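Numbering (full-length UniProt numbering), first residue to last: 1 to 609.
Here is the structure we will look at, set down as structure tokens.
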């Protein structure tokens with residue numbers, strides 16, 4: 001039972017979040033306090049108020065910027081590179097927001113990512129940012145604000161634009177932003193190119209910090225981290241044998257029946273080697289527990305082809321009891337279709353399921369050209385060889401080359417089909433030819449884990465971050481920029497189904513799956529994990545700051561760059577340009593961005609409802 005004032009007061013949940021409701025209430029009280037202080041003239045001269053945001057102004061640091069701006073040619077060259085980067089990102093952001101808005105209006109399917117609270121980079125309010133990520137996010141945000149506004153201030157002095165003041169903006173105790181306030185008169189007197197360089201300097205520095213942070217993370221830090229021995233438990237379904245035995249997320253299963261387990265694969269192998277219904281497993285190298293053998297569906301694609309859901313227990317295949325995915329595949333053998341005995345919580349049911357690799361046929365790909373309709377297909381054989389899963393299919397494809405001829409057999413809406421395909425360009429995932437599909441992980445679109453636990457692919461996440469191990473992203477994850485692209489998506493990657501869990505750094509028990517090795521081991525595991533988290537979130541938040549500020553809308557840097565760029569284009573037209581023409585372009589683009597942003601957030605829940 002809850003007690004206290006918070007429990008006694010019932011407030012409506014904003015977008016399904018009680019925490020967000022209380023955050024808004026607290027903000028309103030805080031704002032009222034600022035208004036009262038301002039009316040009573042109790043705020044110091046160096047403190048300004050803009051709504052609920054307090055700005056702290058200072059003139060200190062101008063002499064340092066004057067000294068730092070000495071090599072003007074270098075800084076102008078640096079800013080010119082930034083202008084090119086900013087223009088590319090501005091066009092990208094314009095297209096992204098426009099397409100996102102069109103998609104939200106034409107096919108309003110709300111997702112977790114599109115919930116309004118998930119736009120806020122506030123741990124605990126944003127569903128994908130746990131409270132444990134707060135130190136790393138705050139540190140990264142402070143670094144991002146300093147280099148961003150420092151870049152503006154530095155280029156102001158390079159372009160001989162005077163600075164009235166500098167400072168930081170705070171929302172309560174949260175650093176909300178930083179600012180450099182240029183002198184309006186000298187700013188207007190600066191050249192158009194000088195103004196553009198000044199506006200582009202902030203995002204250029206943010207992108208530079210992103211590169212530095214991820215280079216350090218992918219290099220020495222991730223290289224000093226290794227996967228700890230044992231099978232990593234990422235999740236435990238309620239009511240399963242693992243839950244009944246007291247196994248919890250972030251535990252490591254380090255032994256089965258006294259035999260040591262080194263990784264996730266060995267867990268299934270050792271369970272298959274046992275012939276008893278109840279086994280003893282060791283947790284974290286110290287605590288033994290007894291648990292019943294079982295095979296739990298940990299993830300499943302929503303399709304009538306398999307009709308399985310997360311939490312279902314597969315008890316038998318064609319009458320043969322199974323407790324691991326390997327036993328399931330062995331029981332299926334060379335048959336295309338198997339009868340699964342499934343316990344869905346309301347009794348045991350039998351389901352006829354084609355066993356293979358579930359794929360989504362791509363429009364215009366080799367498989368589509370061979371006559372396969374776009375949609376879902378379960379591939380059961382590749383070039384005459386039996387395929388039981390997406391992993392087996394990828395292994396077969398890895399032995400092929402572009403231009404090879406191959407037969408694809410499988411099941412489409414319950415009917416067996418076969419196509420002759422000429423393989424396309426070389427795949428970055430398999431290294432072989434492409435068939436033209438998007439494959440779901442696992443067997444027929446579902447993944448099953450022993451004991452009722454969902455295993456955490458610790459090696460996969462470490463490989464993405466530059467550590468040892470193999471990645472399912474293939475060659476894309478081998479490049480530095482490819483790693484950055486994947487790392488940016490890690491906090492929400494579970495939504496896409498590419499990996500089973502979101503990654504918010506080495507926190508919330510995840511650090512139990514790893515250990516520090518090499519020369520960094522002397523400083524201790526916790527120190528290295530803290531450094532890794534700081535670098536991860538610094539790189540992540542700085543790229544967000546850079547992209548957000550490149551949205552071509554006022555008052556963002558992208559809006560100012562759009563204005564100066566439009567002025568430059570209009571001045572070269574064979575007609576007399578006017579400020580009205582420039583204002584028309586900037587206002588039209590800005591309103592389009594605002595509408596697109598709001599539509600992306602609010603159209604799916606409103607139209608779908």
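Idealized CB from N, CA, C, for every residue including glycine.
Keep in mind it's a predicted model, so treat the numbers as computed, not measured.
Beta-carbon proximity check, residue i vs residue j, cutoff 8 Å
| i | j | result |
| --- | --- | --- |
| residue 159 | residue 202 | no |
| residue 326 | residue 500 | no |
| residue 491 | residue 423 | no |
| residue 345 | residue 377 | no |
| residue 379 | residue 355 | no |
| residue 616 | residue 570 | Since the first residue of the chain shown is 1 and the last is 609, residue 616 is not available in this structure. |
| residue 610 | residue 533 | Residue 610 cannot be examined here, being either before or after the span of the chain that is shown, 1 to 609. |
| residue 312 | residue 297 | yes |
| residue 389 | residue 435 | no |
| residue 180 | residue 170 | no |
| residue 503 | residue 461 | yes |
| residue 253 | residue 268 | no |
| residue 529 | residue 458 | no |
| residue 370 | residue 420 | yes |
| residue 98 | residue 597 | no |
| residue 299 | residue 359 | no |
| residue 373 | residue 94 | no |
| residue 137 | residue 119 | no |
| residue 228 | residue 454 | no |
| residue 162 | residue 132 | no |
| residue 157 | residue 65 | yes |
| residue 192 | residue 567 | yes |
| residue 406 | residue 425 | no |
| residue 317 | residue 301 | no |
| residue 135 | residue 129 | no |
| residue 101 | residue 522 | no |
Contacts around residue i, its chain only, beta-carbon distance under 6 Å, and the 5 residues preceding and following it disregarded
| i | result |
| --- | --- |
| residue 484 | 214 |
| residue 207 | 546 |
| residue 430 | 394, 397 and 398 |
| residue 155 | 79, 197, 198 and 201 |
| residue 386 | 334 |
| residue 151 | 201, 202 and 205 |
| residue 43 | 37 |
| residue 1 | For residue 1, the pLDDT reaches just 39, beneath the cut-off of 50, and the residue's location in the model is therefore unreliable, although a value from the coordinates is still provided. Taken in chain order, the list of residues that qualify is empty. |
| residue 222 | 465, 466 and 467 |
| residue 3 | Low per-residue confidence applies at residue 3: pLDDT is 39, beneath 50, and the placement is therefore not dependable, though the value from the model is reported in the following sentence. Closer than 6 Å at the Cβ level, and outside the excluded window around residue 3, lies no residue. |
Whole-number beta carbon distance between residue j and residue i, since they are thought to touch under 8 Å
| i | j | result |
| --- | --- | --- |
| residue 563 | residue 586 | 5 Å |
| residue 250 | residue 509 | 3 Å |
| residue 488 | residue 90 | Residue 488 to residue 90, Cβ: 18 Å. No contact. |
| residue 437 | residue 362 | 6 Å |
Cutoff 8 Å; reference residue i; Cβ partners in own chain excluding five residues on either side
| i | result |
| --- | --- |
| residue 8 | Reliability fails at residue 8, whose pLDDT of 46 lies under 50, so the model's placement of it is uncertain and the value that follows must be treated cautiously. Cβ within range, chain order: n/a, list empty. |
| residue 565 | 87 and 196 |
| residue 477 | 463, 464, 471, 483 and 486 |
| residue 274 | 256, 257 and 293 |
| residue 556 | 548, 549 and 550 |
| residue 277 | 292 and 293 |
| residue 427 | 397, 433, 434 and 474 |
| residue 494 | 500, 501 and 502 |
| residue 295 | 313, 314, 315, 322, 323, 324, 325, 327, 328, 448, 449 and 450 |
| residue 72 | 158 |
Cβ shell of residue i (< 7 Å), same chain only, five flanking positions each side left out
| i | result |
| --- | --- |
| residue 517 | 224 and 226 |
| residue 404 | 423 and 433 |
| residue 531 | 221 |
At least three beta-carbon pairs within less than 8 Å, the region 458–474 to the region 237–246: No, they do not touch.
Quick test of the definition: if touching needs 3 or more C-beta pairs under 8 Å, does the region 135–148 touch the region 537–555? Look at the beta carbons and you see the region 135–148 touching the region 537–555: at least three pairs across the two are nearer than 8 Å.
Can at least three beta-carbon pairs, one atom from the region 335–342 and one from the region 308–322, be found at a separation below 8 Å? Two segments are said to touch when three or more pairs of C-beta atoms, one from each, lie closer than 8 Å; by this definition the region 335–342 touches the region 308–322.
What beta strand (DSSP E) runs, 3 residues minimum, are completely inside the region 482–563? Annotation: the region 482–563 contains the following complete segments of the beta strand (DSSP E) (minimum length 3 residues), in chain order: 514–516.
Length at least 4, wholly inside the UniProt domain "PDZ" (219–285): the alpha helix (DSSP H) runs in chain order: Segments of the alpha helix (DSSP H) lying fully in the UniProt domain "PDZ" (219–285): 241–244 and 264–273.
How about the region 275–288 and the region 245–256: do they share at least three Cβ pairs that are nearer than 8 Å? Between the region 275–288 and the region 245–256, the count of Cβ pairs shorter than 8 Å is three or higher; the stretches touch.
Minimum length 4: unbroken alpha helix (DSSP H) runs contained in the region 44–81: Listed in chain order, they are 62–68.
What runs of the beta strand (DSSP E), each 3 residues or longer, lie entirely inside the region 123–201? You should have 163–171 and 174–182.
Please give the ranges of any alpha helix (DSSP H) in the region 569–608, keeping only runs that are unbroken, at least 4 residues long and fully inside the region. With a minimum length of 4 residues, the continuous alpha helix (DSSP H) runs that stay inside the region 569–608 are 579–608.
At 3 residues or longer, what runs of the beta strand (DSSP E) sit wholly inside the region 370–436? Fully enclosed beta strand (DSSP E) runs of 3 or longer: 375–382, 405–412 and 415–422.
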